[in-house]
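In this text, residue positions in the sequence shown follow the numbering used here: the first is 3, and each later residue adds one. Glycine included, C-beta positions come from ideal geometry on N, C-alpha and C. Values in this document were obtained by computation on a predicted structure and should not be read as measured data. Here's the structure, in structure tokens; my notes come after.
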Amino acid sequence: MDIEIHTAYIQLDQFLKLAGEVPSGGMVKELIAAGRIKRNGAVETARRRKLVPGDIVAIEGGGIYRVTAL
């Protein structure tokens, strides 16, 4: 699913809240600790990672999202 942002980048925790995947940033921390989030095919380790248009974020047991811009 494409999620459109209106800035040059967005932090991973903000992006997942925007996508409706998590209710809070704390939940993102738990998903990262469990190794359940991948960015562009690699396991993500930073919840404040800057995502840019074209990045693909996949949540194990959840959705797959692509960052897009206007």
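Boundaries for Glu6: no alpha helix (DSSP H) harbours it, while the beta strand (DSSP E) harbouring it runs Asp4 to Ile7, taken from the DSSP string. A distance below 7 Å between beta-carbons, with the five flanking residues on each side excluded, links Gly64 to the following residues of its chain, in chain order: Glu23. Within its own chain, the residues whose Cβ lies closer than 8 Å to the Cβ of Gln13, once the five positions on either side in sequence are excluded, are Arg49, Arg50, Arg51, Lys52 and Leu53, listed in chain order. Annotated as distal: Ile7 and Tyr67, with beta-carbon spacing of 8 Å or more.
Looking at the DSSP output, Lys40 sits in a beta bridge with Val45 and Ala60.
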